Each structure stands twice: as structure tokens, then as C-alpha cells.
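Colleague: Residue numbers (the UniProt record's numbering): 1 to 355.
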């Protein structure tokens, strides 16, 4: 613990963001990095608790508190304070395959469990994590880690979302020959087509995939693994891992049956396709329309923010829970509403009404 009084000496400071009225005009990431000196202070705010709940990943009454990956948070917070980015990186990568993803889109369960937040404001753990990995990329520390030796085992991974990529990364490190099969035209799964660009820039995903390819992982796009192809994979590979993702939505009778009603994932996917210049359904856009988003989770927030940026006439979000549960920022331990990073500043919400 390099700064025993850091949590008392320094106030929490988050990465500054572009004003909501400005950023809704494009799909660019909108957070700016703190200075090196200020980021060190944020690392110094970590209390290095005797029992670091931030990394515990415990399930209490059906809810997870702390990091499910059991990231070594106090260690790399301390290294951040000391300015030792290389050591911080080594401790971060020990538990997290892709901190550049989680440092942007994770709901920060670690910060909810942060002891410092019980009598003040929690440590900026997620932003510290993102800073460590981004500095590593910019400083050339993220070089390909090619296995010293290869086994004679081959593995097929079906799906290139976060689960599939993590499995491929770990297996490749152990020397196995890994091929990832993706049914879409681009790699990344939910990372590519389920999360809007302003929340996770697609260049960040491609940067990681390029690194994995240089490390020896093979990728195939446009490979829809049906029953026949599954049999082929089983005969050609020593093992097959299914990381197909959760693409089936909760059934909402009006979706698809009533014109203008759509599930979230097809809408977000088409929005990204359009942004990348390859739309497949030009009718699936919010431009010039009055939009209603049903739900209060992260996906709903992404739909709200996307619709605004597409030029919707109006966007209204319907949330079934009462206003006090959503706006209670003091009772983080008991707040059932997921942490929303940006869309809550950009739209109108109606509370206490059943969809």
C-alpha cells in the first residue's frame, strides 16, 4: 500500500466526458483520459483492505458482489500509484484476458463492493484498469505471446464473442492449435454487433483480434455451424468448444408481429452495420421516428443512446420500477438497477408504468 492516506487525501475523479449535447451527434467514444499524475492519485485512493471485497466475486442472495474474474485489484491499483505500469499490466493480465473490453463495458461490480465507497466514493477501478491496458498498447508492451511449443491437439471454437475469444486465447497460450468459427461477416460477436461503437470502439476489438492472429489463432468468418458442419468439426478437431452466445430474446408478442416493433439485438446489430457502411435492413433505423424503449438494463440504455444518435424525433424509455429505486445513488448495495454509464443523461424516462 504505497499511499496509506490516499483515500483521505484525494477525491474520486472520473475520466472527463464530452457534454451530452455534443456527443449525441456521433458514435465516437466520448471519455478523455486523466493526466498521468491524476491517474496515479486515483490508484493511490485504494485502501488495500484486509479483505478486498472488490475482487471477491461473491454471490450473496442471488447477486454478485465484486469482480467475477477475481482481478488482483489492490495490487494493480498500488502499481498505478507507484507509476509502475509494466508490473500493473502483468498483474492485470494474470486474471483478465481482455481488460480493454471490460475496462469499457463492465458494470463495475468491483466499485459497488469497494470498501472505500461505504463512507465516501469508491475507487475508479474500471478506469484504472482501462488506463493500464491502453498505456500498454500505446507503449508497445502488448507484443504477441507466441507459445514456446505446440501440442498436437487442435481445437475448434464456435463463436467469436468474448467467451469464444477468451477460450481461444487460453488454449492457444497452452500450445494447442485453435480455429475460431464465426457465422457473421465480422469477428467479435456481441462485442462487434451488440455493443454500440461509442461504448466500445470497433477498432479496439480489431486490435485484439489482430494480436491473437499474430499469436497463432486462426479465424473463419461466415461459418454458420449447423448440424452437418458440427459433425465435420467433431471429425476434424480433437475438441470443439461451443461459445454461441445468447441470441434468443425473451419473447415479447408484439415484436415482429406489429410494424415498427423490434428486439434490441437486431436493432443494435443493424445500427453497427450501418455505421460500418454495410447496412442490411435500412428500415431498421430510428432516424425521424418517435422511439419507445422498454426496459432499464444496459441493453436498453444502448438502444436509447443509439436511437438518439441516429436522429430520432423523440426517445422515451419505459421503466417498470419506481423512480426512487433508479435514482438512489447512496444505497449502492441494495440498488437493483444496473449501472448505466451514459444514456441516462440523454433521454426521458417514465417510471412506475407497466409496459
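All residues carry an ideal CB built from backbone N, CA and C; glycine is no exception. Remember, it's a predicted structure, so these values are computed and weren't measured experimentally.
Using 10 angstroms around the beta-carbon of residue 334, count the other beta-carbons present and answer buried if the total reaches 16, otherwise exposed.
Modeller: Confidence is the limiting factor: at residue 334 the pLDDT is only 42, short of 50, which leaves the residue's position unreliable, though a coordinate-based value still follows. Under this definition residue 334 is an exposed residue.
Colleague: Contact between the stretch 102-109 and the stretch 126-143: three or more CB pairs below 8 angstroms?
Modeller: yes
Colleague: Only counting runs of 4 or more residues, tell me where the alpha helix (DSSP H) segments fall wholly within the stretch 165-197, in order along the chain.
Modeller: 190-193
Colleague: At a cut of 8 angstroms, does the stretch 137-156 reach the stretch 236-249 through at least three beta carbon pairs?
Modeller: Yes, the stretch 137-156 is in contact with the stretch 236-249.
Colleague: From which residue to which residue does the beta strand (DSSP E) around residue 65 run?
Modeller: 63-65
Colleague: Would DSSP call residue 148 helix, strand or coil?
Modeller: In this structure, residue 148 counts as coil in the three-state DSSP scheme.
Colleague: What residue from 140, 12, 110, 172 has the CA that sits closest to residue 148's CA?
Modeller: Answer by Cα proximity: 172.
Colleague: Taking 8 angstroms as the threshold (C-beta atoms), are residue 183 and residue 223 in contact?
Modeller: Result yes, Cβ atoms of residue 223 and residue 183 sit closer than 8 angstroms.
Colleague: Compute the distance between the beta-carbons of residue 95 and residue 88, then report whether it is under 8 angstroms.
Modeller: no
Colleague: Our contact map puts residue 54 next to residue 113 with C-beta atoms below 8 angstroms; I'd like the distance itself, whole angstroms only.
Modeller: About 5 angstroms; that satisfies the 8 angstroms criterion.
Colleague: Any C-beta of chain B sitting closer than 8 angstroms to the C-beta of residue 163?
Modeller: In the structure shown, chain B does not exist; there is a single protein chain.
Colleague: Excluding sequence positions up to five away, which residues of its chain have a Cβ less than 7 angstroms from the Cβ of residue 299?
Modeller: 264
Colleague: Please classify residue 329: is it buried, with 16 or more other beta-carbons within 10 angstroms of its beta-carbon, or exposed?
Modeller: Its pLDDT being 49, under 50, residue 329 is placed unreliably by the model, and nothing is read from it.
Colleague: In its own chain, which residues sit with a C-beta less than 6 angstroms from the C-beta of residue 116, not counting the 5 before and 5 after it?
Modeller: 7, 47, 122, 123
Colleague: Put residue 329 into one of helix, strand or coil per three-state DSSP.
Modeller: In this prediction, residue 329 has a pLDDT of 49, which is less than 50 and means its spatial position is unreliable; what the coordinates show is noted afterwards. Residue 329: coil per DSSP, three-state reduction.
Colleague: In the structure shown, what three-state DSSP assignment does residue 317 receive?
Modeller: strand
Colleague: Residues bridged to residue 239 by DSSP?
Modeller: 155
Colleague: Starting from residue 219, follow the beta strand (DSSP E) in both directions and report where the run begins and ends.
Modeller: Its beta strand (DSSP E) spans residues 218-220.
Colleague: What separation, rounded to the nearest whole angstrom, lies between the Cα atoms of residue 218 and residue 5?
Modeller: 48 angstroms
Colleague: Quick check for students: name the residue ranges of the beta strand (DSSP E) that lie wholly in the stretch 26-83, counting only runs of 3 or more.
Modeller: 58-60, 63-65
Colleague: Is the stretch 303-312 touching the stretch 275-292, taking contact as three or more C-beta pairs under 8 angstroms?
Modeller: yes
Colleague: Going by C-alpha to C-alpha distance, which of 50, 158, 221 sits closest to residue 231?
Modeller: 158
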